[in-house]
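See below for the structure under consideration.
Numbering (this note's numbering), first residue to last: 76 to 358.
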């Protein structure tokens, strides 16, 4: 895709946040908090760093692949997929409705372009991404594989089995990212199950760790993703620690787990949208 100026990318971030809020409000169901916090990551990846083709094919040969392990961020992913041309933007109106291709957690059954696995059962995405990355190596395909996980998701044991495997087999065409917002559905991660020193943990498992300290600053995210790409091909898988704020962009949602899985009511939606300029046109 054509590279866009950072001002244009920022407008997409703002519009994505509007999309997310309107989607979950319309059906009074869904997860707004984390997609709001990951807007810069999704936009930076899909509109700047990812080598991908909206003329979707399942194999993705010769292009980079992205897997969303924490599938409850679907509203944000759907927004970016639509805005980058995978399917009509108007289809965002069908989010979480019966017979929609835009289910609450992404699935392949509906045939939605951009979706290669069903996700939302937490802990599985890293394993899938490692398998896809190994397949690319076997096919002499020099493209990269990306996966996004939540920090609360790291409480799943399968993550750490995959982490051992990825390092042991030198899966160095893989860039995993942890959305490190410190929140999960039941409260702060440090109270639910403390993750302690994640950087040290991943390094001990044999990964190269790249910290993106301001995951809600678009330039920092772009620089961090570019640095991660430069670290590939050197015998170790890459792990981005992406420090974000859940609910970023809306003052009453930021930094709290209360909006992990709670949609805004009519008044709250109006308040939130008043803080986010309509930049590309609402669906």
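Ideal Cβ placement from N, Cα and C applies to all residues, glycine included. Just so we're clear, the structure is a prediction, and the values are computed from it rather than from any experiment.
How big is the Cα-Cα spacing for residue 212 and residue 332? On the chain shown, residue 212 is found 137 positions in, with the first residue counted as 1. On the chain shown, residue 332 is found 257 positions in, with the first residue counted as 1. Spanning the two alpha carbons is a distance of roughly 39 Å.
Restricting to Cα atoms, I'd like to know which of 341, 329 and 238 is closest to residue 112. Residue numbering aside, residue 112 sits at position 37 when the chain shown is read from its first letter. Ranking 341, 329 and 238 by Cα distance to residue 112 puts 329 first.
Below 8 Å between beta carbons: does that hold for residue 81 and residue 300? Residue mapping note: residue 81 aligns to position 6 of the chain shown, counting from 1. Residue mapping note: residue 300 aligns to position 225 of the chain shown, counting from 1. The answer is no: Cβ separation not under 8 Å.
Collapsed DSSP secondary structure at residue 221 in the structure displayed: Taking the chain shown and counting its residues from 1, one reaches residue 221 at position 146. The answer is strand: DSSP assigns residue 221 an E or B state.
Tell me the rounded alpha-carbon separation between residue 316 and residue 287. To locate residue 316, count along the chain shown from 1; it is residue 241. To locate residue 287, count along the chain shown from 1; it is residue 212. Spanning the two alpha carbons is a distance of roughly 6 Å.
Taking C-alpha atoms, which residue in 274, 246, 241 and 249 lies nearest to residue 255? As a first step, residue 255 is located in the chain shown; it is residue number 180 there, counting from the start. It is 274.
Would you list the one or two residues that DSSP bridges to residue 258? Position 183 of the chain shown holds residue 258. Here residue 258 is bridged, per DSSP, to 263.
Does the distance from the C-beta atom of residue 335 to that of residue 114 stay below 8 Å? Along the chain shown, read from residue 1 onward, the residue named residue 335 stands at position 260. Along the chain shown, read from residue 1 onward, the residue named residue 114 stands at position 39. Taking a C-beta distance under 8 Å as the contact criterion, residue 335 and residue 114 do not qualify as a contact pair.
Alpha-carbon spacing of residue 323 relative to residue 291, whole angstroms: As a first step, residue 323 is located in the chain shown; it is residue number 248 there, counting from the start. As a first step, residue 291 is located in the chain shown; it is residue number 216 there, counting from the start. Here the alpha carbons of residue 291 and residue 323 stand approximately 7 Å from one another.
Straight-line CA distance for residue 311 to residue 209? The count along the chain shown starts at 1 and reaches residue 311 at position 236. The count along the chain shown starts at 1 and reaches residue 209 at position 134. Taking the straight line from one Cα to the other gives about 13 Å.
Going by CA-CA distance only, name the one from 313, 338 and 318 that's closest to residue 325. Position 250 of the chain shown, counted from the start, is the residue given in the question as residue 325. Closest by C-alpha distance to residue 325, out of 313, 338 and 318, is 338.
In whole angstroms, what is the alpha-carbon distance linking residue 142 and residue 218? The residue labelled residue 142 in the question sits at position 67 within the chain shown. The residue labelled residue 218 in the question sits at position 143 within the chain shown. Their Cα atoms are separated by approximately 14 Å.
With a CB to CB cut of under 7 Å and the five nearest residues on each side skipped, what residues in its chain are close to residue 226? For the purposes of this step, residue 226 is taken as the residue at position 151 of the chain shown. Only 253, 254, 255, 256, 257, 264 and 270 meet the Cβ criterion.
Can you give me the C-alpha to C-alpha distance between residue 170 and residue 204, rounded to a whole angstrom? Here residue 170 corresponds to residue number 95 of the chain shown, with the count starting at 1. Here residue 204 corresponds to residue number 129 of the chain shown, with the count starting at 1. About 26 Å.
Assign residue 204 to one of three DSSP states: helix, strand, or coil. Here residue 204 corresponds to residue number 129 of the chain shown, with the count starting at 1. In this structure, DSSP gives residue 204 a helical state, which the three-state scheme calls helix.
Quick check: what's the CA-CA separation for residue 297 versus residue 304? Counting from 1 along the chain shown, the entry for residue 297 is found at position 222. Counting from 1 along the chain shown, the entry for residue 304 is found at position 229. When rounded, the distance between both Cα atoms is 11 Å.
When DSSP builds the beta bridges, which residues end up paired with residue 237? What you label residue 237 is simply residue 162 of the chain shown in a count that begins at 1. Residue pairing by DSSP places residue 237 opposite no residue, since no beta bridge is assigned to it.
What's the gap between the Cα of residue 94 and the Cα of residue 151? Counting from one through the chain shown, the residue named residue 94 turns up at place 19. Counting from one through the chain shown, the residue named residue 151 turns up at place 76. The straight-line gap from Cα to Cα measures roughly 8 Å.
Just to confirm before moving on: does the CB-CB distance between residue 224 and residue 241 stay below 8 Å? Position 149 of the chain shown holds residue 224. Position 166 of the chain shown holds residue 241. In this structure, residue 224 lies away from residue 241, with their beta-carbon atoms at least 8 Å apart.
So, are the CB atoms of residue 165 and residue 358 less than 8 Å apart? In the chain shown, counting from the first residue as 1, residue 165 sits at position 90. In the chain shown, counting from the first residue as 1, residue 358 sits at position 283. Residue 165 is a Cβ neighbour of residue 358, given a cutoff of 8 Å.
Between residue 84 and residue 344, is the Cβ-Cβ spacing less than 8 Å? In the chain shown, counting from the first residue as 1, residue 84 sits at position 9. In the chain shown, counting from the first residue as 1, residue 344 sits at position 269. The answer is no: Cβ separation not under 8 Å.
Among 98, 120 and 90, which one has its Cα closest to the Cα of residue 251? As a first step, residue 251 must be located in the chain shown, where it is residue number 176. The candidate whose alpha carbon is nearest that of residue 251 is 120.
Quick one: which unbroken alpha helix (DSSP H) runs of 4-plus residues sit fully inside the segment 89-146? Chain order, please. Every alpha helix (DSSP H) stretch that sits fully inside the segment 89-146 and reaches 4 residues is listed by chain position as 108-112 and 114-119.
Within this structure, are the beta carbons of residue 248 and residue 308 separated by less than 8 Å? Translated into positions along the chain shown, residue 248 becomes position 173. Translated into positions along the chain shown, residue 308 becomes position 233. Yes, they are a contact pair.
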